[in-house]
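Here the structure comes first, spelled out in structure tokens, and everything after it is commentary.
Chains as they are written, first to last, in the numbering used here: chain X, 1 to 138; chain V, 1 to 138.
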């Protein structure tokens, strides 16, 4: 009954000091370093109303995650009882889309510097959306 | 510098009385009818810790949206000045991933009934994630 697959075409990628999966924070506000979102020139028109100082939701494709995972120990800690992946933010899941609430620090053409991004260096970016509603969810 | 494309494999689909794009609400809390998320049997293990009464974030693939759109009049209203799509929740965008905060009403095996979903009948579902942080964002 479901068609597909559908093709996700990256619109940019992450440049970050985070290169090792083991060392990356589990969530963006848990000590993530500042990072760049580097966009393809072809989507620059779509970026034109983004502003420094605002928060946005960034969607990534977690290209180093496993897709054959349906249960995990949350936060990778064996002391946490196993849970179905759809009740967790595990990167490993059938479609490893990362959802990140970040703050824009500065914008330099198609390069956007952000806070609170826990994605690894080289992670493909697939979408950016405005935050709706009051602050503090992600 | 970006690889891809990547393959998004639907894990289920939406069953909703919403069949016409023109009549669908712009956001989930703007009068959406109750709807079902119907999941593939193959992912049922991943659903096992979802609970009625809780809110989750559902990611869909907006299969009827245009992908060649980089600027839009927000909410489809020509009176709103055109904006770059990444500052809007327009369905039309390079990767039309829908982000929906919904409330689970009931669960019947791999069928999950939800409130506040503005996606059209037949829309593919690609992921479900828990809400982090306090209520009221989406």
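We put the beta carbon where it would ideally sit given N, CA and C, even for glycine.
These numbers were taken from a predicted model, which means no experiment stands behind them.
With contact defined as three or more Cβ pairs closer than 8 Å, the region 99-113 of chain V and the region 19-26 of chain V are not in contact. A distance of 9 Å or more separates the beta carbons of residue 128 (chain V) and residue 36 (chain V). What residue 93 (chain X) touches in chain V, judged by beta-carbon distance under 8 Å, is 46, 127, going in chain order. In this structure, DSSP gives residue 27 (chain V) a state outside helix and strand, which the three-state scheme calls coil. With a threshold of 16 other beta carbon atoms within 10 Å, residue 88 (chain V) meets it and is buried. Going by beta carbons, residue 62 (chain X) and residue 10 (chain X) fall outside the 9 Å limit.
With 16 or more neighbouring CB atoms inside 10 Å of its own CB, residue 94 (chain X) falls in the buried class.
For chain X, the residues of the region 81-112 of chain V that bring a beta carbon within less than 7 Å of one of its beta carbons are 83, 84, 85, 86, 87, 88, 89, 93, 94, 95, 97, 99, in chain order. Judged by DSSP secondary structure, residue 132 (chain X) falls outside any alpha helix (DSSP H); it is assigned neither H nor E.
Note: residue 73 (chain V) is not bridge-paired with any residue in the DSSP secondary-structure output.
At the C-beta level, residue 126 (chain V) and residue 59 (chain V) come within 9 Å of one another. Residue environment analysis places residue 44 (chain X) among the exposed positions, since fewer than 16 neighbouring C-beta atoms fall within 10 angstroms of its C-beta. Using beta-carbon distances, residue 16 (chain V) does not count as an interface residue toward chain X, since no partner is under 9 Å. Here residue 85 (chain V) really is in contact with residue 69 (chain V); their C-beta atoms are around 6 Å apart, less than 8 Å. In the structure shown, residue 8 (chain X) falls within a strand segment according to DSSP collapsed to helix, strand and coil.
Chain-order list of chain V residues neighbouring residue 9 (chain X): 2, 4, 5, 6, 67, 94, 95, by C-beta distance under 9 Å. Look at the region 52-104 of chain X and you find these whole runs of beta strand (DSSP E), each 3 residues long or longer: 55-61.
Apart from sequence neighbours up to five positions away, the residues of its chain that approach residue 117 (chain V) with a beta-carbon distance below 6 Å are 28, 32, 35, 100, 102, ordered along the chain.
Under DSSP, the beta-bridge partners assigned to residue 38 (chain X) are X:13, X:111. Around the beta carbon of residue 123 (chain X), 16 or more other beta carbons sit within 10 angstroms, so the residue counts as buried.
In the assembly as shown, residue 53 (chain V) is an exposed residue. Its beta-carbon has fewer than 16 other beta-carbons within 10 Å. For residue 124 (chain X), the chain V residues whose C-beta falls within less than 9 Å of its own C-beta are 2, 3, 4, 6, listed in chain order.
The C-beta of residue 119 (chain V) has 16 or more other C-beta atoms within 10 Å across all chains shown, which makes the residue buried. Residue 81 (chain X) counts as exposed, since fewer than 16 other beta carbons sit within 10 angstroms of its beta carbon.
Within 10 angstroms of the beta-carbon of residue 91 (chain X) lie 16 or more other beta-carbons, which makes it buried. With respect to the C-alpha of residue 111 (chain X), the residue from X:48, X:5, X:6, X:3 having the closest C-alpha is X:48. As far as DSSP is concerned, residue 33 (chain V) takes part in no beta bridge.
Residue 115 (chain V) has a beta carbon lying at 9 Å or more from every beta carbon in chain X. At least one beta carbon of chain V lies nearer than 9 Å to the beta carbon of residue 130 (chain X).
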